[in-house]
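Enquirer:
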Amino acid sequence: MAQRAARIRARALDERYPYSEKTHLIHGRFQSARWEYKHHVVPPQSSSVTFRLDTSQRGAQGFADFGRAHADGHQPIYVYDRLDEPTRGMLEDNLAYAEGGEVAVTYASGMGAISAAVACLVRSGQRLVCHRLLYGCTYSLFHKWLPRFGIEVTALDFDDLDGLGQALTSDVRVVYFETPVNPDLHLLDVQAICRVVAEENGKRTPEERVIVVVDNTFATPYCQRPLELGADVVVASLTKNIGGFGTDLGGVVVGPAWLEGELLSFRKDFGGVLSPKSAWPVLVYGLPTLPVRVRQQQQTALRVAEFLEADPRVERVCYPGLPSFPQHDLARRQMVDYEGQFAPGTLLYFVLTDRPGQGHAAEQFIDYLAENAYSITMAVSLGQVKTLIEHPYSMTHSSLTATESDRHLVEAGGIRLSVGLEKGQDLIHDLWDGLDHVFGEVPPRPSSALDELTDTFEVRASVPQAPA
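Sequential numbering of the sequence shown, starting at 1064, is according to our numbering.
1) Are Leu-1353 and Asn-1279 closer than 8 Å when you measure CB to CB?
2) Could you have a look at Glu-1434 and say whether DSSP puts it in helix, strand or coil?
3) So, for Ser-1537: in the same chain, excluding its five sequence neighbours on each side, which residues have a beta-carbon less than 6 Å away from its beta-carbon?
4) Pick from Leu-1088, Met-1398, Cys-1193: whose alpha carbon is nearest that of Pro-1383?
5) Please tell me whether Val-1316 and Val-1296 are closer than 8 Å, where the distance is taken between their beta carbons.
6) DSSP beta-bridge partners for Tyr-1143?
7) Spatial neighbours of Leu-1146 within its chain, please: C-beta separation below 6 Å, excluding the five flanking residues on both sides.
8) Taking DSSP as the reference, what is the three-state secondary structure of Asp-1278?
9) Taking only three categories from DSSP, how would you classify Thr-1217?
10) Where do the N-terminal and C-terminal ends of the alpha helix (DSSP H) with Arg-1395 fall, by residue?
11) Looking at the structure shown, is Thr-1302 part of a helix, part of a strand, or coil, going by DSSP?
12) Rounded to the nearest angstrom, what separates Pro-1106 and Gly-1228 at their Cα positions?
13) So who's on the other strand from Trp-1203, going by DSSP bridges?
14) List in chain order: all unbroken alpha helix (DSSP H) runs of 4+ residues lying wholly within the stretch 1297–1378.
15) What do you reckon, are the CB atoms on Thr-1450 and Glu-1426 nearer than 8 Å?
16) Tell me where the beta strand (DSSP E) around Ala-1167 begins and ends.
17) Let me check understanding here. Comparing Cα to Cα, which of Leu-1088, Tyr-1202, Gly-1163 lies closest to Ser-1178?
18) For Thr-1459, name the three-state secondary structure that DSSP assigns.
19) Thinking C-alpha only, which one of Thr-1169, Val-1443, Arg-1121, Ser-1119 is nearest Glu-1323?
20) Bridge partners of Ser-1481, per DSSP?
21) Please report the residue range of the beta strand (DSSP E) in which Val-1181 lies.
22) State the Cα-Cα distance for the pair Glu-1378 and Asn-1435, rounded to the nearest angstrom.
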């Protein structure tokens, strides 16, 4: 059996016939040094907080080995769940592969992963430079908590590459951003930003180089792989599209092997551990089904975006798949799936037409949907099989909007829609009903012909090369 497993794994990695990434996400490494499960078709879930040690010498070796880079084929000695355990480890192997990184370390939530990445890369007296608009909890972490630990934070517009270059003073250690940006789906050019950082790093020693960290939660590795574009580290929430079903929290940091020991040590000491019970659904259900889920969701997202764009009651629709999207060309270069196809993602953002003196249309719209829609649920989070709608200004980004200086960064009338796996026509029906409630019936209702709108993204995107 061991010989068979080794033979099949060698076949899976044989470059003469490269199996697709989608197949690798289903089958993983086939044989894992993390755990012996040669007779299982589905990896088992461990449920033990502590592990039996045959001798004190084995226990000592387990502690001595902890935190060292996981060499290929190395059999770890498991001691205690908070240090390391097999179910989580198998998921980490597959996540590293999905993002194209050397190693992955998981955490109990996406914010746990972001906190770990920053803590392991930035020291007191150093500076983090971030894009001015971030997810609300990331914004709070950077502006409320990091300064308490002596880490300065500078927020600026990363579209201004000259300004970014000037901001990279000697104390800067990390450049951090999301793309697409939460909530308005604005895209930041990963390659262009990495070129600016690379120019600065050419003046520094390897120990002092600036590290580029990208939050890839919105795109997922199926739609975009920042490490291929020149970034050093990727963080993501496993709670969202990667998990896919809304049952478990989780987060991951993917990056170079030299960072693994610090990330593991931070997790051990600060305790943000992803439980095996939460890792297992992502390993068995979430990651293997990511391509098929996201491909269907983004097809429906394009239908919905086209419908909203054609409605005069909607002022603006932001979706990278629309030709009218201001950064559509960048999206085609940067958001590319494993097969080289354009992959604009599953989220869209839209603003309703202003109604002077009639109250906030966005809040009235989503409040109505919350009480009356069947196919759309008002809830935070995203990337689930159910379509979710929310009001960023008062919900996910309230930490920004409560701050006078940054309130303008989030539109009061903006609405974020995370498209699930429902039939597109059903989503359009509920959205139309909500628009009728707020604005009255203006245009004729759409016909079932909307079901015939674009089903696939056939235009093959050119895969960009990472900067030297």
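Note that the Cβ used here is the ideal one computed from N, Cα and C, for glycine as well.
Expert: The relevant details are as follows:
1) Residue 1353 sits at position 290 when you count from the first residue of the sequence shown. Residue 1279 sits at position 216 when you count from the first residue of the sequence shown. No.
2) Residue numbering aside, residue 1434 sits at position 371 when the sequence shown is read from its first letter. Correct three-state label for Glu-1434: helix.
3) This structure does not reach residue 1537, given that the chain is present from 1064 up to 1531, and the question cannot be answered.
4) Looking up residue 1383 in the sequence shown gives position 320. Closest option to Pro-1383, Cα to Cα, is Met-1398.
5) Looking up residue 1316 in the sequence shown gives position 253. Looking up residue 1296 in the sequence shown gives position 233. A distance below 8 Å separates the beta carbons of Val-1316 and Val-1296.
6) By one-based count along the sequence shown, residue 1143 stands at place 80. Bridge partners of Tyr-1143: Thr-1113.
7) Translated into positions along the sequence shown, residue 1146 becomes position 83. Hits under 6 Å: Phe-1129, Lys-1331.
8) Taking the first residue of the sequence shown as position 1, residue 1278 is located at position 215. Three-state DSSP puts Asp-1278 in a strand.
9) Walking along the sequence shown from the start, residue 1217 turns up at place 154. Under the three-state reduction of DSSP output, Thr-1217 falls in the strand class.
10) Translated into the one-based positions of the sequence shown, residue 1395 becomes position 332. 1391–1397 is the extent of the alpha helix (DSSP H) around Arg-1395.
11) Residue mapping note: residue 1302 aligns to position 239 of the sequence shown, counting from 1. Reduced to three states, the DSSP call for Thr-1302 is helix.
12) To locate residue 1106, count along the sequence shown from 1; it is residue 43. To locate residue 1228, count along the sequence shown from 1; it is residue 165. Spanning the two alpha carbons is a distance of roughly 47 Å.
13) Your numbering for residue 1203 matches position 140 in the sequence shown. According to the sequence as given, residue 1203 is Ser; it is not Trp. In DSSP, Ser-1203 forms no bridge with anything.
14) With a minimum length of 4 residues, the continuous alpha helix (DSSP H) runs that stay inside the stretch 1297–1378 are 1323–1333, 1339–1344, 1350–1373.
15) As a first step, residue 1450 must be located in the sequence shown, where it is residue number 387. As a first step, residue 1426 must be located in the sequence shown, where it is residue number 363. No, these two residues do not count as a Cβ contact at 8 Å.
16) Here the question's residue 1167 lines up with position 104 in the sequence shown. Here the beta strand (DSSP E) through Ala-1167 covers 1166–1170.
17) If you number the sequence shown from 1, residue 1178 lands on position 115. Each of Leu-1088, Tyr-1202, Gly-1163 was checked against the Cα of Ser-1178, and the nearest Cα belongs to Tyr-1202.
18) On the sequence shown, position 396 is the one that residue 1459 refers to. Looking at Thr-1459 - three-state DSSP - the assignment turns out to be coil, as it is neither helix nor strand.
19) One-based indexing of the sequence shown puts residue 1323 at position 260. For the residues Thr-1169, Val-1443, Arg-1121, Ser-1119, the minimum Cα distance to Glu-1323 belongs to Thr-1169.
20) Reading the sequence shown from its first residue, position 418 is the one you call residue 1481. Beta-bridge pairing links Ser-1481 to Leu-1410, Leu-1451.
21) Position 118 of the sequence shown, counted from the start, is the residue given in the question as residue 1181. Counting along the chain, Val-1181 falls outside any beta strand (DSSP E), though it belongs to the alpha helix (DSSP H) covering 1173–1184.
22) Residue numbering aside, residue 1378 sits at position 315 when the sequence shown is read from its first letter. Residue numbering aside, residue 1435 sits at position 372 when the sequence shown is read from its first letter. Cα to Cα, the separation comes out at about 23 Å.
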